[in-house]
Amino acid sequence: AVPCSPQPDATRFVCTEPTLSAFPTGLPPSTVAISVEFTALATLPPTALAGLPRLQELHLSSNRLAALPGALLRPVPTLRVLDLTDNLLDELPAGIFTGTSLLQHLVLRGNRLRVLQPAWFRHLAQLEWLDLAANALTEVPPMAFHPLRSLQSLDLSHNELATLAPGMLDGLKALERLNLEGNRLGTLLPATFVPVPSLRLLFLQDNKLQALPDGIFLPLRHLHVLDLARNQLRALELPPRSPGPALDLDISGNPWACECQLLALLRRVSPQLVTARDTLCASPPRYRAREVATVTWAGDTDC
Numbered sequence: 001a002v003p004c005s006p007q008p009d010a011t012r013f014v015c016t017e018p019t020l021s022a023f024p025t026g027l028p029p030s031t032v033a034i035s036v037e038f039t040a041l042a043t044l045p046p047t048a049l050a051g052l053p054r055l056q057e058l059h060l061s062s063n064r065l066a067a068l069p070g071a072l073l074r075p076v077p078t079l080r081v082l083d084l085t086d087n088l089l090d091e092l093p094a095g096i097f098t099g100t101s102l103l104q105h106l107v108l109r110g111n112r113l114r115v116l117q118p119a120w121f122r123h124l125a126q127l128e129w130l131d132l133a134a135n136a137l138t139e140v141p142p143m144a145f146h147p148l149r150s151l152q153s154l155d156l157s158h159n160e161l162a163t164l165a166p167g168m169l170d171g172l173k174a175l176e177r178l179n180l181e182g183n184r185l186g187t188l189l190p191a192t193f194v195p196v197p198s199l200r201l202l203f204l205q206d207n208k209l210q211a212l213p214d215g216i217f218l219p220l221r222h223l224h225v226l227d228l229a230r231n232q233l234r235a236l237e238l239p240p241r242s243p244g245p246a247l248d249l250d251i252s253g254n255p256w257a258c259e260c261q262l263l264a265l266l267r268r269v270s271p272q273l274v275t276a277r278d279t280l281c282a283s284p285p286r287y288r289a290r291e292v293a294t295v296t297w298a299g300d301t302d303c
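UniProt numbering puts the first residue of the sequence shown at 1, with every later residue one more than the last.
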């Protein structure tokens with residue numbers, strides 16, 4: 001028997017049969033959501049989604065897809081959610097999203113993408129969530145994300161980014177969450193965050209940052225969470241203190257120079273230091289291995 005036979009008039013189709021190797025056929029036109037996940041599916045025919053004009057969600061995570069046909073999504077202009085997590089995709093056809101202008105969630109996490117094509121994003125003005133984590137990206141072309149004016153969350157964590165191109169975040173005025181954790185970033189340009197004034201959460205932990213440009217976080221007046229843990233920073237930059245809750249700040253695992261500049265900044269902004277126990281001074285010698293928080297508020301500093 002063929003695993004996972006479709007039911008007539010159903011609106012949702014779910015199949016997690018490990019032996020499934022061909023995309024199911026005969027799905028009713030009433031289908032709104034398809035989940036074919038954790039299967040042996042390695043290829044999709046160009047007509048896989050033909051006759052499904054109401055489809056809004058397509059979940060294809062944890063399969064063995066290495067390529068997608070360029071015409072795959074043409075029959076489903078109402079698609080809102082596409083999840084391709086944990087496949088073997090090393091590229092996508094340039095025009096694959098040309099007809100899916102209503103797409104809101106696009107998840108490409110855990111694939112083998114090395115290059116981003118700006119053409120993918122040209123028609124996705126309603127996209128709110130883009131997850132490109134855990135690929136092999138070494139760069140993001142300038143202006144690649146410029147059409148994504150509705151984007152609220154961008155995840156580029158666990159790639160191989162060593163630098164961020166000037167203008168990489170241009171156009172992302174609605175962006176609230178940016179994850180760059182676990183890359184190879186050694187430095188950032190002073191104007192990196194100017195295009196994203198709405199940013200509330202910024203994750204930069206587990207990179208190779210050695211210094212931050214003066215005022216790099218000044219445009220981020222709504223920042224609520226900043227994670228700089230496990231870099232190689234000795235000096236700190238922070239966004240201006242804003243009304244409302246204190247900034248959640250993780251600066252653990254860096255070799256901090258507990259000089260007056262750092263201590264005065266922490267006193268002025270008064271962030272909520274997460275994992276304070278692992279946030280230690282590396283210099284000067286008299287403060288070495290002491291907690292930054294303790295030194296900041298101690299009365300024995302000459303600042």
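Beta carbons: idealized from backbone N, C-alpha and C, even for Gly.
* To do: Would you kindly check if the distance between the Cβ of PHE23 and the Cβ of PRO45 is under 8 angstroms?
  => yes
* Cutoff 8 angstroms; reference ARG184; Cβ partners in own chain excluding five residues on either side -> GLU160, LEU161, ALA162, ASN207 and LYS208
* **TRP129 - containing beta strand (DSSP E), residue span** => 129-131
* To do: Buried or exposed for ALA298, please, with buried defined as at least 16 other CB atoms from any protein chain shown within 10 angstroms of its CB.
  => exposed
* Smallest Cα separation from THR31: which of ALA10, ALA48 and GLU259? -> ALA10
* Please name the residue, chosen from HIS158, ALA136, MET168 and LYS173, that lies closest to SER150 on a Cα-to-Cα basis. => LYS173
* Asked: Over what stretch of residues does the alpha helix (DSSP H) that includes residue 307 continue unbroken?
  -> Residue 307 lies beyond the range of the chain shown here (1 to 303); nothing can be said about it.
* **Integer Cβ distance of SER157 from GLY182, believed to fall under 8 angstroms** => 5 angstroms
* **Selected residue, minimal CA-CA separation from GLY70, among LEU233, LEU113, SER270 and GLY99** => GLY99
* Asked: Given a threshold of 16 other Cβ atoms within 10 Å of its Cβ, counted over all protein chains shown, does THR78 qualify as buried or as exposed?
  -> exposed
* **Nearest candidate by alpha-carbon position, reference GLY215, set SER21, ALA235 and GLN205** => ALA235
* Asked: Which residues in the same chain have their Cβ closer than 8 angstroms to the Cβ of PRO3, if we skip the five residues on either side of it in sequence?
  -> CYS15, GLU17, THR19 and LEU20
* What first and last residue would you give for the beta strand (DSSP E) that runs through CYS15? -> 12-15
* Asked: Any idea what DSSP makes of ASP83, helix, strand or coil?
  -> strand
* Asked: Under the three-state reduction of DSSP, which class applies to PHE121: helix, strand or coil?
  -> helix
* Asked: So is LEU247 buried or exposed if we call it buried at 16+ other beta carbons inside 10 Å?
  -> buried
* Asked: Got a sec? Which residues, its chain only, sit under 8 angstroms from LEU137 by beta carbon, not counting five neighbours each side?
  -> LEU113, ARG114, VAL115, LEU116, LEU156, ASN159, GLU160 and LEU161
* To do: Would you check if the distance between the CB atom of LEU52 and the CB atom of LEU27 is smaller than 8 angstroms?
  => yes
* Local conformation of GLN7 per DSSP, three classes -> coil
* Of the residues ARG64, GLY95, THR85 and ASP86, the one placed nearest LEU72, counting alpha carbons only -> GLY95
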